[in-house]
């Protein structure tokens with residue numbers, strides 16, 4: 553079988569969160585949506601349409617809503633690549649520094665409050 557849909561960086565975030573922080577109980581789709589916001593930002597792509605849709609449906613993608621602290625968020629993204637190391641993704645080249653991920657976390661907290 554082929555699991556390419558679960559190999560995108562948004563899914564890698566989701567799987568990393570599930571594997572490293574099992575105490576965080578978040579629906580898979582919400583976690584993937586949260587990952588989509590960040591992975592789109594890492595691609596330096598226009599994220600306006602994605603944000604508009606998330607707001608339109610009032611999807612709960614603010615990390616703090618799910619008890620995902622800034623530290624958990626950063627660690628989850630920094631470990632995400634390991635869950636599918638055999639597949640190429642934006643995580644191979646993206647800036648996954650604590651500073652950049654901290655900025656993205658704060659942006660999500662502000663955008664989706």
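Residue numbers (the working numbering): 553 to 665. All residues carry an ideal CB built from backbone N, CA and C; glycine is no exception.
Going straight from the alpha carbon of residue 615 to that of residue 644, what length do you get?
23 Å
Use the C-beta contact count for residue 568: other C-beta atoms within 10 angstroms, 16 or more gives buried, fewer gives exposed.
buried
Among 562, 580, 577, nearest to residue 590 - alpha-carbon criterion:
562
CA-CA distance, residue 634 and residue 628?
10 Å
Length at least 4, wholly inside the stretch 561 to 602: the alpha helix (DSSP H) runs in chain order
561 to 572, 580 to 594
Residue 641: buried (16+ other C-beta within 10 angstroms of its C-beta) or exposed?
buried
Does DSSP classify residue 615 as helix, strand or coil?
helix
State the CB to CB distance for the pair residue 576 and residue 619, rounded to an integer number of angstroms; the pair is presumed to be in contact (CB under 8 Å).
6 Å
Segment limits, alpha helix (DSSP H) that includes residue 625
622 to 632
Can you name, in chain order, every residue of its own chain whose Cβ lies under 8 Å from the Cβ of residue 599, other than the five neighbours on each side?
So the list reads 589, 592, 593, once near-sequence residues are dropped.
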